[in-house]
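For the sequence shown, UniProt numbering assigns the number 1 to the initial residue and increments by one for each residue that follows. Just so you know, even glycine gets a beta-carbon here, dropped at the ideal spot from N, CA and C. As the structure is a prediction and not an experimental result, all values here were calculated from the model. Below is one structure, written out as structure tokens, with a few remarks after it.
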Amino acid sequence: MNAYELMKEFYDLDNEILELVNNKNKKDAAWMDKAIDSKLSRQLEIKHTLERINVVL
1 MNAYELMKEF YDLDNEILEL VNNKNKKDAA WMDKAIDSKL SRQLEIKHTL ERINVVL
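Set out below in structure tokens:
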């Protein structure tokens, strides 16, 4: 995976997180929190990878 693909995945995850947060309701809150946490963890992995190859988000 190259830097462009990682950056695209990072921003796609950002959009997915925003969509989950905007659509969050009480009955699905626990499931959505887990999904958001998972996406944030992946974003952090991508950020660290990009920092290692000197790409700034």
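Among N2, L20 and L44, the one whose alpha carbon lies nearest that of K34:
By 1-based counting over the sequence shown, the position of residue 34 is 34. Here the closest residue by C-alpha is L20.
Could you tell me the boundaries of the alpha helix (DSSP H) in which I53 lies?
Numbered from 1 along the sequence shown, position 53 holds the residue referred to as residue 53. Here I53 belongs to no alpha helix (DSSP H), and DSSP marks it neither H nor E.
Within 10 angstroms of its Cβ, does I53 collect 16 or more other Cβ (buried), or is it exposed?
As a working note, residue 53 is residue 53 in the sequence shown. Looking at its Cβ environment, which holds fewer than 16 other Cβ atoms inside 10 Å, I53 is exposed.
If contacts are defined as beta-carbon pairs under 8 angstroms, then Q43 and L13 qualify, I think. What distance do you get, rounded to the angstrom?
Numbered from its first residue, the sequence shown carries residue 43 at position 43. Numbered from its first residue, the sequence shown carries residue 13 at position 13. Sure, about 5 angstroms apart at Cβ, within 8 angstroms.
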